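Q: Heads up: the protein sequence lines correspond to chains A and B, in order.
Following numbering that gives the first Met the number 0, the numbering of the first sequence begins with 0 at its first residue and continues without gaps.
Following numbering that gives the first Met the number 0, the numbering of the second sequence begins with 0 at its first residue and continues without gaps.
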Amino acid sequence: MAKLSELTANEDKRVLCLGNEAIARGAIEAGVQVFAAYPGTPSSEISMALNAAAPELGFYAEWSTNEKVAMEVAFAASISGIRAMTACKHVGLNVAADVFYSFMYMGCKGGFVTVVGDDPHCFSSQNEQDSRWLGVSANFPIIEPSNPHEAKEFTKLAFEISEKFEIPMLLRSTTRISHARADVQFNKYESNFKDGEFEKTSRFKCLPAIARANHPKLLEKIEKIKEWIPESGLTVVEDCSDNKFGIITSGISYAYVKDALKELKLDVSILKLGMVSPLDEESIIKFSKDKENIIFIEEVDPYLEDRISALLIQNNLYPKIHGKCSGATKRYHELNYRIVAEALSKIIGGEIPSVAEIEEAVEGTKEFIPFRPPLFCAGCQHRAAFYELSKVVRKNNGIFSSDIGCYSLDPWVTDTIVCMGASIGMANGFARVIKDKPIFAIIGDSTFFHTGLPALANAVYHKANFNILILDNRMTAMTGFQPNPTESIPIEDVVKGMGVEYIVEFDPYDFENGKKTIEEALKHEGPTVIIMRKICANEWWRTQRRKGEKIEVYSIDPEICIACGTCIVQYQCPAISWSLDTNTKGKKYSVIDPSMCTGCSVCSQICPVKAISKVE
Amino acid sequence: MDEEYKMVLVGVGGQGILTISDVIAIAAQKKGLHVLGSEVHGMAQKGGSVITNLKIGKKLYSPTIPIGSCKALVGLEENETLRYIKFLKPDGIVITSKTVLYPVGWKKDKSAADIAHEKIEENLEQFKVKIIRIDAEELALKAGLVLTQNIVLLGALSQIKDFPLSEEDLRSALKERVPSKYLNQNLRAFDLGIEAVKNRT
C-alpha cells in the first residue's frame, strides 16, 4: 500500500499504489470535501485511504453505518454545493439504491461521485452482480476505467462532469482494477474547501408533482451528456482500417483485449468506451457502420452487447454480432487475456501457444495439492463461539441463519448466508414456520448496526421466538479492521432499549461457560440476545507483536497426546498440525506452531486427555 | 529486456508475499520501468492460498497472468508452488522454499503430509521447468529472523538469467521497504539467498 505521506503530498510524482488508492488520490486531487462509506471488498481501500488522509488535508471522511447512510451523508453535502463522494462494493450499491433512484431526479450541485467495486469471480462476495445495470436503470452516467492510472483520472473527471451537468456520477471499478498495483502519476492539486450553502428550492423535495417534472429534466441532461461524450476524450478508437472485424469493449476487458491481440499477433480495430452510460452513440455508429463483424468483450453480463445491438438495429446497421449471445465468452467469472485470445482466435483466427502439456501435468499432480480454503485465524473468537454453539445445539437440531462477515467462515452449523442483516430478518420468518427446532440468528457487531437493527425491532414487535447471537469483536474485521459504532454504543443498551428482555454476554475463550450461557438462553422465550464479546484475535495479536509484548503460547505433550484430532480435525485451529515424526509409542501427535498461537487456550480446554498446557 | 517480464509470487496468506512484491515494484520503478500487479484481499486472503501477479515492462495492459505464460515463480510454500506452477512458460523458472505449511485439507489424513512431501520433487518435475529449491527457513534462521524467508527467495531471484532487476536494484529497494530495525537481518537473508543459488551452479 502507498504511504499516507505519498497519498497526500501535493506534488507531481509517480507513486506505486493500488487502483483503489489511485481512486482515493483522484478524489483528493479533485478536492473532495466530504466522503462517507461502509467498507466492502473490493472497495475498502478507497475509504481507508481517504479516512487516513482527511485529518491531514482538512476534509471530512467517515465510516458510516451502512451504504445508504453513507450516500445520504454525501448527498446532503453535494446539494449544499460541496464536492462529495461515497464508495461501496456492488452489493452495497443495492443498499443505497433507495437513495440514488430519487437523487438522480433531483440532480446535484457540488460534484457527486459514487464509486462501486464489482467483483467478477466472487473473490470476496456472494454474487457477481454487474452494477452497470443498476446504474443505467437509475440513469446514472457510468464511467469505467481500464487501469489504475485511468481510475485516478476518471475520478477527477467524474467530479467535473457531475458539476457541469449537475448530475451524480457512478464510477465502476472491478476487483482487478481496485486491487491492481501500479505506478500511477500523481499530480499537484488545489482544494478550495468551503462552507456549504443550501439553496431552498423545491427540486430537492421528491413529491409526486415535483418528481413528475424532474424526470424529463433528468432525461434531458442524459441527452446533453450523450452529445458531449465524443468531445470528452472518454471514447478511444484504435482504428486499423480493416473493416472485417471491430471489437467494442470497456474497463478491464480493454486490457485483456490488448494483451490478447498481442498474443495472437493480430491488428484489429478497437472501440474503447470510457463512459458506458449514456452510450457514445455517435462514435459507436461511426465505428460500426462499415464493419462486417462486431465483437463484444466484457466481463459477466452482456451489457454493452445488449444495449449496442439494439442501438445498431435502431440505426439500420446489421453487422454480425459476436459476444455472450454467440458463446464467445461466458456470462460468469472473470476474463484473462488467454480466455479473450481463445475467443478472438475462434472468430478472427490466429494461434495461441498450446498448454496441453501443462494441463496434463496438472491432471497428474492435482491429487497431491491440498485443499487450503480461507479459515478462521488462529485464536479466532468466532471459532470458539461457533464451537460452543455447535456443542449445545448440533447442526441437525437447529436452524442457523448467519450473516456477512468473518463468521461466514463457520464450518459447523451455518445454514444460510444471504446479505447484510438477513440473519435476523430471516430468523423472523423461520420462527413462523419451524416449530420443532431452536432458531439462531448469528450476526457481527458491524452488520448488526448496518442492517440488523430494523430486523431486531421487527422481532421484538412481533414477538418472534428465536435467539440472536451477536458476535462483537469490536471492529469490522473482514474488510480490514475498520471501526464501527460498537466502539461507543453498547449493544446491550441498544437491544434493551428495543425491548429485548433476555440479554446475556459471554467470553468465548471460556469454553464451559460459553456453552452454559447458550444453553441457559434456550430456556427463555425469544427474541433473546446472546452477546459474545472479545476483541478480534488477529488484530489483538498483531498489536501485541507490534508493541513487542510477549504472547503466552500453548504446547502439546507428545507423550500424552492420543492423536484423537479434537484440536486439529474438529476445532480446526490453523496453528495446530500433525507431527512429521512420531512419539515414543511410534504414534503421530499434534503440534502447536508457537509463531501462530495466540494463547486463547481453547484447545487446552477441549483436549480430552489434557495434553495441552501453557508454555511456562 | 523483453517488452514485459511476467512473474507470480505464491504462498500462504501472511508469509510476506506482498512485501517482496513491493520490493520488486519499487526496484522496477526506480529503474524507470512500469509495474502492474494484481493481488487478492478480503475473504480470499485469510490463511488461504495466495497468488500475486506481477508484470514489469515498458507498456503494460492486463494485470493478471494466465496459465503457461510467465517467466518466474517465487514460492514461499512448497505445496503452493505445486498449485501454481502451471502459470509458468516451458522456459520458466521456479524458485521455491522447501517450507511446508500444514493445510486444512490434510488434517483428517495423518499420512497425507508424508506422501505429499515424498512426492513433491517428482510432482514439480512433471512440469518440465527449471526448479531451484531452497531451504529458506534454515537460511532465514541463519540470518537471524525466521520471518525473512521471503527475502531469502528474493536474493535467489536476483540471480536468474533474464530477470530485469539486478542484485543492487533489489538491495536498494529492500532498504526502502523493510523496517530499519530489521534491515540487517533482511540484508543478510538477501545475501544468503544469492549464495544459495551461486553455490548450486
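For glycine and all other residues, C-beta sits at the position ideal for the given N, C-alpha and C.
These figures come from a predicted structure and were not determined experimentally.
According to a CB-to-CB cut-off of less than 8 Å, which residues of the segment 552–583 of chain A neighbour chain B?
A: 562, 564, 567, 568, 571, 573, 576, 577 and 579
Q: Since residue 1(A) meets chain B, which of its residues come closer than 8 Å, beta carbon to beta carbon?
A: The premise fails here: residue 1(A) is roughly 10 Å from chain B at the closest Cβ pair, so nothing lies under 8 Å.
Q: Can you find a CB in chain A that lies within less than 8 Å of the CB of residue 147(B)?
A: no
Q: List, from N- to C-terminal side, the alpha helix (DSSP H) runs of 4 residues or more that fit wholly inside the segment 233–265 of chain A.
A: 250–263
Q: Taking 8 Å as the threshold (beta carbon to beta carbon), is residue 163(B) in contact with chain A?
A: no
Q: Run down chain B in chain order and give the residues with a C-beta less than 7 Å from the C-beta of residue 363(A).
A: 125
Q: Can you check whether the C-beta of residue 115(B) is within less than 8 Å of a C-beta belonging to chain A?
A: It does: the Cβ of residue 115(B) has a partner Cβ on chain A nearer than 8 Å.
Q: Cα separation between residue 199(A) and residue 74(A)?
A: Spanning the two alpha carbons is a distance of roughly 15 Å.
Q: Counting Cβ pairs, one atom from each stretch, are 3 or more of them under 8 Å apart for the segment 64–73 of chain B and the segment 148–161 of chain A?
A: no
Q: In the structure shown, what three-state DSSP assignment does residue 368(A) receive?
A: Of the three classes helix, strand and coil, the one that applies to residue 368(A) here is coil, per DSSP.
Q: Do residue 465(A) and residue 520(A) have their C-beta atoms within less than 8 Å of each other?
A: Not closer than 8 Å, so no.
Q: In whole angstroms, what is the alpha-carbon distance linking residue 586(A) and residue 606(A)?
A: 17 Å
Q: For residue 4(B), count neighbouring Cβ atoms within 10 angstroms of its own Cβ and tell me buried if that reaches 16, exposed if not.
A: buried
Q: Name, please, each residue of chain B whose Cβ falls closer than 7 Å to the Cβ of residue 587(A).
A: 109
Q: In terms of residues, what are the limits of the alpha helix (DSSP H) holding residue 425(A)?
A: 421–432
Q: If you reduce the DSSP assignment to three classes, tell me which class residue 115(A) lands in.
A: Looking at residue 115(A) - three-state DSSP - the assignment turns out to be strand.
Q: Quick one: does residue 352(A) have its CB under 8 Å from some CB of chain B?
A: yes
Q: Taking a Cβ distance cut-off of 7 Å, strictly less, list which residues of the segment 9–33 of chain A are near chain B, in chain order.
A: 13 and 15
Q: Enumerate, from N- to C-terminal direction, the unbroken alpha helix (DSSP H) stretches of 4 or more residues contained entirely within the segment 302–353 of chain A.
A: 302–313 and 336–347
Q: Using the Cα positions of residue 92(B) and residue 7(B), report the straight-line distance between them to the nearest angstrom.
A: 11 Å
Q: Based on Cα-Cα distance, which residue from 91(A), 4(A) and 10(A) lies nearest to residue 35(A)?
A: 91(A)
Q: Between which two residues does the beta strand (DSSP E) harbouring residue 34(B) extend?
A: 33–37
Q: How would you call residue 197(A), buried or exposed, if buried means at least 16 neighbouring beta carbons within 10 angstroms?
A: exposed
Q: Between residue 72(B) and residue 9(B), what straight-line distance do the alpha-carbon atoms span, to the nearest angstrom?
A: 7 Å
Q: Please classify residue 146(A) as buried or exposed, where buried requires at least 16 neighbouring CB atoms within 10 angstroms.
A: buried
Q: Could you work out which residue in 128(B), 98(B), 145(B) and 53(B) is closest to residue 17(A) when comparing CA atoms only?
A: 53(B)
Q: At which residue ranges does the segment 262–295 of chain A contain complete beta strand (DSSP E) runs of 3 or more residues, listed in the order of the chain?
A: 268–272 and 274–276
Q: Taking residue 197(B) as the query, report the chain A residues whose CB atoms sit under 9 Å from its CB, ordered along the chain.
A: Under the 9 Å cutoff, chain A gives no residues; its nearest Cβ is about 29 Å from residue 197(B).
Q: What residues match up with residue 152(A) in a beta bridge as DSSP calls it?
A: BP columns for residue 152(A) are empty, so no partner.
Q: Output needed in chain order: residues of the segment 227–261 of chain A with a Cβ under 7 Å from some Cβ in chain B.
A: 254, 255, 257 and 258
Q: Count the other CB atoms, across all protein chains shown, that sit within 10 Å of the CB of residue 483(A); report buried if there are 16 or more and exposed otherwise.
A: Buried: at least 16 other Cβ atoms inside 10 Å.
Q: Listing by chain order, which chain A residues have their CB less than 9 Å from the CB of residue 122(B)?
A: 360, 363, 364, 367 and 368
Q: For a test of the three-state rule: what should DSSP assign to residue 47(A), helix, strand or coil?
A: helix
Q: Do residue 56(A) and residue 27(A) have their C-beta atoms closer together than 8 Å?
A: yes
Q: Excluding the 5 residues flanking residue 101(A) on each side, which residues of the same chain have their C-beta closer than 7 Å to its C-beta?
A: 205
Q: Roughly how far, in whole angstroms, is the beta-carbon of residue 94(B) from the beta-carbon of residue 186(B), given that I think they are within contact range, below 8 Å?
A: Rounded, the Cβ-Cβ distance is 19 Å, inconsistent with contact.
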